[in-house]
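Enquirer:
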Amino acid sequence: MADPPPTAQAPADPSLFERLAIGHIKPVVASPVTLVIFGGAGDLARRKLLPALYNLYVDGLLPAQFAAVGVGRTQMSDDAYREAAKKGVTEFSRRPLDERSWETFARSLFFVAAGLEDARSFASLGARLDVIEHERGLPGNRVYYLAVPSTLFVPTVGSLSAARFVARGADRQPFARLVVEKPIGRDLASAKAIDDEIAKVFDEAQIFRIDHYLGKETVQNILVLRFANSIFEPLFNKQYVDHVQITVAEVDGVGTRAGYYEEAGALRDMVQNHLLQLVTLVATEPPHSLDADAVRDEKLEIIESLRPIRGADVSRSVVRGQYGRGHIMGEPVPGYLEEDGVAPGSRTETFVALETYVDNWRWAGVPFFLRTGKRLPKRASEIAVRFKSVPPVLFNADPDGRLDSNVLSIRVQPDEGFALLINSKVPGPRLRNYPVTMDFRYSSTFGASTPEAYERLLLDVMNGDATLFMRRDAVEAAWRFVTPILEAWAGSPATPLPSYAAGDWGPADADRLIESTGRQWRTL
Amino acid sequence: MADVVTAWRRSAPAHIDRDLSALWRETGRDGAVTRAVMANLVIVSSLSPEQTIESEIADRPVIDEVSLKHPSRVIQLLHVPSEHHVGGPDESLVRVLTWGPANARYGVEQIAVRARCTSASLPSIVRGLSLGSLPTIVWWTDDLSRSTPLHDIMTMGRQLVFDSRRWQSAHAGARVALTVARRAPHLDLRDVNWRRLVPVRQALVALSKAGHTSPRTWRLEHRAGESVLAWLAAGWLVARDAAVFGDVTIRPFGRDSSDILTMTGEDDAVVVRMDDSCVEAAHRGSGVPLVLAVRREEASDAVASELKDLRRDVCLHDVLGVLAHFTAPGFAG
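Sequence order for the protein chains is A and B. Going by my numbering, 558 is the number at position 499 of the first sequence; the sequence numbering is gapless. Going by my numbering, 443 is the number at position 256 of the second sequence; the sequence numbering is gapless.
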């Protein structure tokens, strides 16, 4: 049984965030559970999952009865795994590693070597899990986390089934839940094939499809911002909104992920999941409750309302590009085609911009501009809702000096928070306007580091709350939107993609896409 | 000055925003604090290879004061020019300044980076550090007339703020400023020295509106160190077609005077005197001279006021255009 974390008590001088967290509404502590991480020695586990578990532990949110069991091909002792995990936590945790906390937390970490398609391996894994659960008083509730490439989803689930690890049904006790990471499939057909195979073993209510963007505090705050404040929601519609821009910019290049990225590209890697999920949150109708399916039903409606982009429309409404050589923060960086592991002449897109519409009553005619790319000037994700301009009279009468229109910008990362740009009179006798921002930042307002997305998502899986996870129908609807674009690209002439210098905001075609509508991309 | 100034903290250039967030969190532990930010204020200075980042930023109170008066994300870019070195910042520091009572604190953030590199590397540094949703203002603290401005950075700015009092040569300074403005058509030029001429211009316009004929020839005399002010005034007369340059003479006072600038029109028909407190303008045909107060303001007030005005100062552009194109012998300011 895990010792209680030594730092779980209220600090002497708590910040506002900490005061809230220890107030009357206690966060839910998860049920006793065994978390089995396939790919337990991999990058995702080291950088995200294990640091998230450590922070949940320090925050007192892990159950007293808990075990995390890493599963991988490499032979490794529990101690060696704990040491590797400690390095990951030291490097990637949002809070510094505390030796006392680590010592007690590390007792709940284990490692089992197993091949994912090897029945004998799964038999020994089962035996080891039984021993761990018996020793730690765990009831056999299990979360199987597939932190492996999507090509291994089906074989792993097959092995789980063959080894009789899974009791079908969300209400069964002890429970079995499955967590899968995006991307699920490469297109609609392959996504359906994977989902069909998984559905043979797990009920939909047992499956948690992670899009880690949905675990970010700012993303969760979008619904609060819209539906807990009376001043915004009445304005979120075609009458007041000129357009919406969603940007997910990465400063990194393809790095060591060329093998994956060459097969994926920006449209599959980012648009099909992260960006479309952000669209749903901005555009959704208010759900009738915060019940997982009520929220997800409304989000599905939005994806299904997206105007399809097919055939000739693809070249008009979608721009792709590939980064060339350039500078990032002064440093020269190579172009995509010069990166290790990238095929000569590769036509994998590292940038996508598109214009789409949510064809429903609320948003009819309001363009949604989406943009994502690698090797852009900075790492920044933002949703910007630009409102319509005031009439060209009074303060907006000067044709050479039009007022900036109001913008509500929701910063997903970094610098999480939101800002409202409004025009204000500069103090003094002369009439001068200045665009000012009312700025909310999590860090300076709440005075504590906000939980990482994976902390919230892992906790929700353990608690069985699927609100922040993607349902099968939504994933497939997203593929239904994206697949025609992929098909049009596949049928286009094999000419080099438009290039943009690393450190620029994408190819010139992206500017033309939005400027042809009389609008401009925001610079982040 | 700020109520609370956190010490400059070392930061890896790649982690500046992460470290700033940590600083804000620490600042927020003493009670909620609002980040005040109306603009990116980019201050570019040249450094010799021996100069350290700390020595350069140690004593710049006017920047802190401007931060208070026009809350900005201050980005001090300390550039060690190097023709061969292509790369990013080698050092960076961050800090937070806060003001106000405990229940209504606000603060600004400051970043200082030292980069030894070619000027081609600089735009990506500024792009990486500035908040794109806000106006970017470049504050040129060096003598613009002797600088090679970094045009790529200027094109990112909405305003270029400078003080022409620092110019060794009005002609050279105007040429440089105008070249920058031509390459960056959206950039507005703002000169805190030009700002000082506002009461002089108001007085002359008032005399003109009163129906007095404007002289065509002018004699301008100025205090030592104020030649550029005199040339700006001359340029303004020419730009508004009140004179031609050949009919304007400019010279320093040949006597002790409390005046900063005097402008005497044809046959003493108009006399304008500017000292530290007021501008007095008289026309021979009217009895009572016009008297306008000269704004008494700190350097930081002047800069902050210019930053608050995002309208294009068309008049200054015109004046600089006149000065830049005037090539008569002896026009050196």
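Where a beta carbon is used, it is the ideal one built from N, C-alpha and C, also for glycine.
Tell me, which residues are paired with residue 201/A by DSSP?
Expert: For this step, residue 201/A is matched to residue 142 along the first sequence. Answer by DSSP bridge pairing, in chain order: 93/A and 235/A.
Enquirer: Taking the continuous beta strand (DSSP E) assigned at residue 307/A, which residues delimit it?
Expert: Residue numbering aside, residue 307/A sits at position 248 when the first sequence is read from its first letter. 300–308 is the span of the beta strand (DSSP E), which, as asked, contains residue 307/A.
Enquirer: Run down chain A in chain order and give the residues with a C-beta less than 8 angstroms from the C-beta of residue 304/B.
Expert: Reading the second sequence from its first residue, position 117 is the one you call residue 304/B. 389, listed in chain order.
Enquirer: If the cut-off is 7 angstroms on Cβ atoms, which residues from the region 309–332 of chain A count as contacting chain B, listed in chain order?
Expert: Result list empty, no residue passes.
Enquirer: Nearest to residue 286/A by CA position, among 340/A, 199/A and 220/A, is which residue?
Expert: Residue 286/A sits at position 227 when you count from the first residue of the first sequence. With distances taken between Cα atoms, residue 286/A lies closest to 340/A.
Enquirer: Quick one: Cα of residue 148/A to Cα of residue 187/A, how far?
Expert: In the first sequence, the residue the question calls residue 148/A occupies position 89. In the first sequence, the residue the question calls residue 187/A occupies position 128. Going from the Cα of residue 148/A to the Cα of residue 187/A covers about 25 angstroms.
Enquirer: Check each residue of the region 460–478 of chain A: if its Cβ is closer than 8 angstroms to any Cβ of chain B, include it; give the result in chain order.
Expert: Answer set for the region 460–478 of chain A: 460, 466, 468, 473, 474 and 478.
Enquirer: Please give the ranges of any beta strand (DSSP E) in the region 251–339 of chain B, keeping only runs that are unbroken, at least 3 residues long and fully inside the region.
Expert: Here the runs fully enclosed are 259–268, 278–286, 292–304 and 323–327.
Enquirer: Excluding sequence positions up to five away, which residues of its chain have a Cβ less than 7 angstroms from the Cβ of residue 330/A?
Expert: Walking along the first sequence from the start, residue 330/A turns up at place 271. If we look at residue 330/A and ignore the five residues flanking it on each side, its Cβ neighbours are 411, 429, 431 and 541.
Enquirer: What separation, rounded to the nearest whole angstrom, lies between the Cα atoms of residue 494/A and residue 320/B?
Expert: To locate residue 494/A, count along the first sequence from 1; it is residue 435. To locate residue 320/B, count along the second sequence from 1; it is residue 133. Taking the straight line joining both Cα atoms gives about 10 angstroms.
Enquirer: CB residue 266/B to CB residue 231/B, shorter than 8 angstroms?
Expert: Counting from one through the second sequence, the residue named residue 266/B turns up at place 79. Counting from one through the second sequence, the residue named residue 231/B turns up at place 44. Going by C-beta atoms, residue 266/B is nearer than 8 angstroms to residue 231/B.
Enquirer: Sorted by chain position, which residues of the same chain lie with C-beta nearer than 8 angstroms to residue 193/B's C-beta, five sequence neighbours on each side aside?
Expert: In the second sequence, the residue the question calls residue 193/B occupies position 6. Closer than 8 angstroms at Cβ, skipping near neighbours: 210, 213, 214, 282, 283 and 284.
Enquirer: Strictly under 8 angstroms for the Cβ-Cβ distance: is residue 566/A near chain B by that measure?
Expert: Counted from its first residue, the first sequence places residue 566/A at position 507. Output row for residue 566/A: interface = no.
Enquirer: Can you name the residues of chain B whose CB is closer than 8 angstroms to the CB of residue 283/A?
Expert: Taking the first residue of the first sequence as position 1, residue 283/A is located at position 224. The premise fails here: residue 283/A is roughly 18 angstroms from chain B at the closest Cβ pair, so nothing lies under 8 angstroms.
Enquirer: Would you mind sorting residue 398/A into buried or exposed? The rule is 16 or more other CB atoms within 10 Å of its CB.
Expert: The residue labelled residue 398/A in the question sits at position 339 within the first sequence. Residue 398/A comes out buried.
Enquirer: List the residues of chain A whose Cβ lies closer than 9 angstroms to the Cβ of residue 273/B, in chain order.
Expert: Counted from its first residue, the second sequence places residue 273/B at position 86. Simply 386, 389, 390 and 391.
Enquirer: With distances taken between CB atoms, is the gap from residue 202/A to residue 231/A smaller than 8 angstroms?
Expert: For the purposes of this step, residue 202/A is taken as the residue at position 143 of the first sequence. For the purposes of this step, residue 231/A is taken as the residue at position 172 of the first sequence. Their beta carbons are not under 8 angstroms apart, which means residue 202/A does not touch residue 231/A by this criterion.
Enquirer: With a CB to CB cut of under 6 angstroms and the five nearest residues on each side skipped, what residues in its chain are close to residue 170/A?
Expert: Counting from one through the first sequence, the residue named residue 170/A turns up at place 111. Counting only Cβ-Cβ distances below 6 angstroms, and skipping sequence neighbours, we find 129, 135, 137 and 140.
Enquirer: Can you give the Cα-Cα distance for residue 295/A and residue 163/A, rounded to whole angstroms?
Expert: Numbered from its first residue, the first sequence carries residue 295/A at position 236. Numbered from its first residue, the first sequence carries residue 163/A at position 104. One C-alpha to the other measures close to 49 angstroms.
Enquirer: My output table needs one value for residue 378/A: the three-state DSSP class, helix, strand or coil.
Expert: Looking up residue 378/A in the first sequence gives position 319. DSSP places residue 378/A in strand when its eight states are reduced to three.
Enquirer: Which residue or residues does DSSP assign as beta-bridge partners of residue 349/B?
Expert: By one-based count along the second sequence, residue 349/B stands at place 162. In the DSSP output, where bridge partners are listed per residue, residue 349/B has 378/B.
Enquirer: Ordered along the chain, which non-local residues of its own chain (more than five positions away) have a Cβ less than 7 angstroms from that of residue 307/A?
Expert: Walking along the first sequence from the start, residue 307/A turns up at place 248. Excluding residues within five positions, the ones whose Cβ falls inside 7 angstroms are 329, 333, 334, 431 and 440.
Enquirer: What are the boundary residues of the beta strand (DSSP E) that includes residue 225/B?
Expert: Mapped onto the second sequence, residue 225/B falls at position 38. Segment: none, residue 225/B is in no beta strand (DSSP E) and carries neither H nor E.
Enquirer: Which runs of the alpha helix (DSSP H), 4 residues or longer, sit entirely within the region 355–429 of chain B?
Expert: List check, alpha helix (DSSP H) in window: 357–370, 385–396 and 414–426.
Enquirer: Would you call the region 400–417 of chain B in contact with the region 474–490 of chain B, where contact means no fewer than 3 C-beta pairs closer than 8 angstroms?
Expert: Output reads no: the region 474–490 of chain B does not touch the region 400–417 of chain B.
Enquirer: On the criterion of 16 or more Cβ atoms from any shown chain inside 10 Å, does residue 93/A qualify as buried, or is it exposed?
Expert: For the purposes of this step, residue 93/A is taken as residue 34 along the first sequence, with counting starting at 1. Classification of residue 93/A: buried, given that the 10 Å Cβ count is 16 or more.
Enquirer: Taking the alpha carbon of residue 142/A as the reference point, which residue from 185/A, 168/A, 102/A and 351/A has its own alpha carbon closest?
Expert: For the purposes of this step, residue 142/A is identified with residue 83 of the first sequence, where counting begins at 1. Looking at the Cα atoms, 168/A is the closest of the given residues.
Enquirer: According to DSSP, is residue 361/A helix, strand or coil?
Expert: In the first sequence, the residue the question calls residue 361/A occupies position 302. In the structure shown, residue 361/A sits in a helix (DSSP, three-state: H, G or I).
Enquirer: Please say whether residue 534/A and residue 268/A have beta carbons closer to each other than 8 angstroms?
Expert: As a working mapping, residue 268/A is identified with position 209 in the first sequence. As a working mapping, residue 534/A is identified with position 475 in the first sequence. Going by C-beta atoms, residue 268/A is nearer than 8 angstroms to residue 534/A.
Enquirer: Check each residue of the region 391–413 of chain A: if its Cβ is closer than 7 angstroms to any Cβ of chain B, include it; give the result in chain order.
Expert: Hits within the stretch, in order: 391.
Enquirer: In this structure, how does DSSP classify residue 152/A when only helix, strand and coil are distinguished?
Expert: Within the first sequence, the letter at position 93 stands for residue 152/A. If DSSP states are grouped into helix, strand and coil, residue 152/A belongs with coil.
Enquirer: Touch check for the region 383–392 of chain A and the region 302–311 of chain B: three-plus C-beta pairs under 8 angstroms?
Expert: Judged by Cβ distances under 8 angstroms, the region 383–392 of chain A makes contact with the region 302–311 of chain B, as three or more pairs qualify.
Enquirer: Expressed to the nearest angstrom, what Euclidean distance is found between the alpha-carbon atoms of residue 331/B and residue 502/B?
Expert: What you label residue 331/B is simply residue 144 of the second sequence in a count that begins at 1. What you label residue 502/B is simply residue 315 of the second sequence in a count that begins at 1. Approximately 19 angstroms between the Cα atoms of the pair.
Enquirer: Of all the options 292/B, 278/B, 296/B and 275/B, which has the alpha carbon lying nearest to the alpha carbon of residue 207/B?
Expert: As a working mapping, residue 207/B is identified with position 20 in the second sequence. Residue 207/B has its Cα closest to that of 296/B, out of 292/B, 278/B, 296/B and 275/B.
Enquirer: Can you tell me where the alpha helix (DSSP H) holding residue 163/A begins and where it ends?
Expert: Locating residue 163/A in the first sequence gives position 104, counting from the first residue. Taken as a continuous stretch (DSSP letters only), the alpha helix (DSSP H) holding residue 163/A covers 158–165.
Enquirer: Does residue 79/A come out as helix, strand or coil in the three-state DSSP assignment?
Expert: By one-based count along the first sequence, residue 79/A stands at place 20. At residue 79/A, the pLDDT of 45 sits below 50, so the modelled position is not reliable; the number obtained from the coordinates is stated separately. Of the three classes helix, strand and coil, the one that applies to residue 79/A here is helix, per DSSP.
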